[in-house]
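What follows is a single structure, written as C-alpha cells, with notes after it.
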C-alpha cells in the first residue's frame, strides 16, 4: 500500500504596506507559487488596496471610493491572505524574525516584504502643524479637503508639480478659490521646459487657478486662538488668506521602520537587482527603495520591480531588475502633456521646435547628433510613444529630420 506524503508546511510571508507596490508583488508571486506561503499583510490605512493615482479624480468628483479600489477585503480572503488594515507595523525584530504591530499583534516570518512607500514632505515652516495644513497622499487627505471645500473659502497649494496642480484643480472644481505657490519660475519644472510650462500656466489661469511663482513660504499663520490656519506669509512680507493649505512639495521615502531594524538605508532602503535588502530574508519594493542610487515614484518601474521581486519570493529567481527610461505622460486638468529623456539639452545638442499657439500645440525635440535625446509635447501627444521608441532604439533620424516634428504618419508616408 502506497504511503501518503505528509503535507508540506507553508512558510510565512509578511508584507508591511498594503499599497499598490506591495500588493502587485503579492499578485506576481501568487501567479507562480500560490501554495508556498501563509501571507499576512499589515496596512496603516483602514481600507483594502486602492489606486493612489486616482485620488485626484476622487477629489474632483470624477470617481468614487469603489471606483478606485484595487483589492477588496473579499479578494484577500479568496487568496487566503490575512489582512490587518489600520494596524501598522511598529517594530521589526530581525533576530527573532518577528514583526509587531501598533495593536501589539506579533507575527513571525520566513520572508518579509517592505512596501512602506513614501510620505509627503511637509515644509517645516512655523505653523506647519496647524489644523487645516495637510499633505495629499491618501483617502483621509481627500476627505479633509472635501470637508474644507463644503465651506468654500481660499485654498493654497504649495508645490507646482503634477500632484499640486491636480489638487488645485480638484479644489477649484469643488468651489474653492485656489492659489498655487511654487518656488521655481515655471510649473512642472522637472517634466516641462519653460515654453510648455508657460502654455500650461496660461491654460490653467483661464480655468480660474491663480499662481505665485518664485514665492518662498516663510510662515503659515494661525487664527487668533492658533487653532486653525488663516493665511500663508511669504519671505517678502506679503500674505494671502488660506482656509486650507495643501502641501504638495514632493515626497520622501518612508524608511524609519527599516532604519530602526538596522537595514542598510541611504536616501531609501538599499536593494540589489533582485529587490533584496542586505538581509537576505527581507525584500523591498516601490517608493521606499533605492536601486543603484535611484529612487522611484512612477508606476511603470514599480510594476517592473513587483514582477522581479514576486518571482524571487516564489523561488523562481532568474529575473533581475533593470532600470528603464520612463516617459511621463500626464493629463493635468484636461491638458495633455508628454515628456521623455533629456528635454533640456546641452552643449552640442540641437532643438527642433513646432509652435501652433492658436491650436495650443507645442513640440520640442532635442537632438544629439542624428538621434533624438529628449522630447516635450504639449496639446498633441499622440506621437509620444513613437518618439520614445526612437530614443530607446537610438534610431538614426537623418532621413526623416525635416518631417520629424510632424509625427510618425507623415514620416512613414514619405518613406
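Residue numbers (my numbering): 4 to 418.
Beta carbons are placed, not taken as given, at the ideal position from N, Cα and C, and that holds for glycine.
Source: prediction; values computed, not measured.
Please go through the same chain and pick out, in chain order, the residues whose beta-carbon is closer than 7 Å to the beta-carbon of residue i, but skip the five residues on each side of it.
i, result
"residue 220", "126, 128, 161, 184, 235 and 237"
"residue 270", "256, 293 and 298"
"residue 411", "386 and 389"
"residue 49", "88 and 89"
"residue 225", "130, 133, 231, 232 and 233"
Locate the beta strand (DSSP E) running through residue i, then write down its first and last residues.
i, result
"residue 380", "374-381"
"residue 41", "40-46"
"residue 85", "84-88"
"residue 160", "157-161"
"residue 198", "Segment 197-210 is the alpha helix (DSSP H) holding residue 198; no beta strand (DSSP E) there."
"residue 95", "92-96"
"residue 358", "353-359"
"residue 280", "First-last for residue 280: undefined, no H or E at that position."
"residue 116", "114-117"
At the level of alpha carbons, what is the spacing between residue i and residue j?
i, j, result
"residue 111", "residue 12", "14 Å"
"residue 153", "residue 145", "13 Å"
"residue 121", "residue 259", "11 Å"
"residue 363", "residue 73", "36 Å"
"residue 163", "residue 132", "21 Å"
"residue 381", "residue 70", "29 Å"
"residue 31", "residue 23", "12 Å"
"residue 366", "residue 195", "11 Å"
"residue 354", "residue 316", "46 Å"
"residue 396", "residue 108", "51 Å"
"residue 331", "residue 272", "24 Å"
"residue 394", "residue 179", "42 Å"
"residue 402", "residue 372", "13 Å"
"residue 77", "residue 360", "51 Å"
Mapping DSSP to helix, strand and coil, what is residue i?
i, result
"residue 185", "strand"
"residue 65", "coil"
"residue 167", "helix"
"residue 142", "helix"
"residue 341", "strand"
"residue 230", "coil"
"residue 294", "strand"
"residue 244", "strand"
"residue 348", "coil"
"residue 5", "Any reading at residue 5 needs caution, since the residue's pLDDT is 49, under 50, leaving its predicted position unreliable; the model's value is listed next. Reduced to three states, the DSSP call for residue 5 is coil."
"residue 287", "strand"
"residue 15", "strand"
"residue 386", "coil"
"residue 180", "strand"
"residue 148", "helix"
In chain order, what residues of the same chain lie with their CB nearer than 6 Å to the CB of residue i, ignoring the 5 residues before and after it?
i, result
"residue 308", "278, 288 and 324"
"residue 147", "137"
"residue 14", "40 and 113"
"residue 177", "152"
"residue 383", "364"
"residue 4", "For residue 4, the predicted model reports a pLDDT of 48, less than 50, meaning its position is unreliable and no value from the coordinates is stated."
"residue 16", "40, 42 and 114"
Within this structure, are the beta carbons of residue i and residue j separated by less than 9 Å?
i, j, result
"residue 175", "residue 216", "no"
"residue 157", "residue 136", "no"
"residue 167", "residue 245", "no"
"residue 280", "residue 117", "yes"
"residue 62", "residue 149", "yes"
"residue 115", "residue 98", "no"
"residue 379", "residue 207", "no"
"residue 119", "residue 263", "no"
Taking CB distances under 9 Å as the criterion, tell me whether residue i reaches chain D.
i, result
"residue 179", "Absent from the structure is chain D; it holds one protein chain and no more."
Might you give, ordered along the chain, the residues of its own chain that have their beta carbon closer than 8 Å to the beta carbon of residue i, omitting 5 neighbours on each side?
i, result
"residue 6", "Since pLDDT at residue 6 reaches only 49, below the 50 mark, its modelled position is unreliable, and the value read off the structure follows with that caveat. Once the five neighbours on either side are set aside, residue 6 has no close Cβ partner at all."
In terms of residue numbering, what span does the alpha helix (DSSP H) encompassing residue i cover?
i, result
"residue 315", "302-316"
"residue 33", "23-35"
"residue 129", "Taken as a continuous stretch (DSSP letters only), residue 129 belongs to no alpha helix (DSSP H), as it is neither H nor E."
"residue 264", "Where residue 264 is concerned, there is no enclosing alpha helix (DSSP H), given that its DSSP letter is neither H nor E."
"residue 76", "76-81"
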